[in-house]
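Chemist:
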Amino acid sequence: MRIALIFALTFAVSCKADETARAYGAGDKTWTLTEIDGKHFDAMATLSFPEADKIEGRGPCNGFSGTMSVPYPWFKTGPLRSTRRACPALGDETRYFTALQDMTLIEVLGDVMILKNEKGREMMFRAAD
């Protein structure tokens, strides 16, 4: 009986609910960036949430991955790892990565996802088809 109780308590503690954006509508979708600070973003950039505490995507030149484990509606990336390929859209990629790391809140409204911060910056994404 004592072993069963210890097992049950250990199992309950290890079963952590997903409170990240993934569980609130952002998971199982690839999000395409459409705007940064109200201006159309012409280059191709994506963001997805493959697991509860992970993010990944593509900038205009390079793929990236990182962590994000704060509860919804907060948004904070850990350090991002990316490939290091150069391309003509490297300036757009720098804008994307800089803005992404500056965001602090996330809102998922169906096929629209908005990242924003207290300074008034905003990124708008749409779910890819």
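Taken in order, the sequence shown gives residues 1 to 129; the numbers are from UniProt numbering. Here a beta-carbon is modelled for each residue, glycine too, at the ideal position from N, C-alpha and C. Bear in mind that the values here come from a model prediction, so they are computed numbers and not experimental data.
Helix, strand or coil for Ala99? Go by DSSP, reduced to three states.
Modeler: Note: Ala99 maps to helix in three-state DSSP.
Chemist: Looking at C-alpha atoms only, which residue of Thr46, Val112, Gly63 is the closest neighbour of Arg84?
Modeler: Checked all of Thr46, Val112, Gly63; the closest Cα to Arg84 is Gly63.
Chemist: Would you mind sorting Pro88 into buried or exposed? The rule is 16 or more other CB atoms within 10 Å of its CB.
Modeler: Per the 10 Å Cβ criterion, exposed.
Chemist: So Trp31 is in the beta strand (DSSP E); what residue range does that whole segment cover?
Modeler: From DSSP, the beta strand (DSSP E) with Trp31 extends over 30 to 36.
Chemist: Out of Thr32, Leu109, Ile36, point me to the one whose CA is closest to Pro73's CA.
Modeler: Checked all of Thr32, Leu109, Ile36; the closest Cα to Pro73 is Leu109.
Chemist: Within 10 angstroms of its Cβ, does residue 130 collect 16 or more other Cβ (buried), or is it exposed?
Modeler: One cannot answer for residue 130 here, as it falls past the ends of the chain, which runs 1 to 129.
Chemist: Tell me, to the nearest whole angstrom, how far the beta carbon of Phe41 is from that of Leu33; I am working on the premise that it is less than 8 angstroms.
Modeler: About 5 angstroms; that satisfies the 8 angstroms criterion.
Chemist: At the level of alpha carbons, what is the spacing between Met124 and Asp18?
Modeler: Roughly 23 angstroms separates the two Cα atoms.
Chemist: Consult DSSP for Gly91 and reduce its assignment to one of helix, strand or coil.
Modeler: Here Gly91 sits in helix by DSSP.
Chemist: Pull up the DSSP beta-bridge partners for Leu109, would you.
Modeler: DSSP lists Val112 as partners of Leu109.
Chemist: Would you give the residue range spanned by the beta strand (DSSP E) that Gly66 belongs to?
Modeler: Run containing Gly66: 63 to 67, per the beta strand (DSSP E) assignment.
Chemist: Thinking just about the alpha-carbon of each residue, which of Leu105, Glu35, Arg126, Ile114 is nearest to the one in Pro71?
Modeler: Minimum Cα distance to Pro71 is reached at Leu105.
Chemist: To the nearest angstrom, report how far apart Ala26 and Met68 are at their CA atoms.
Modeler: One C-alpha to the other measures close to 13 angstroms.
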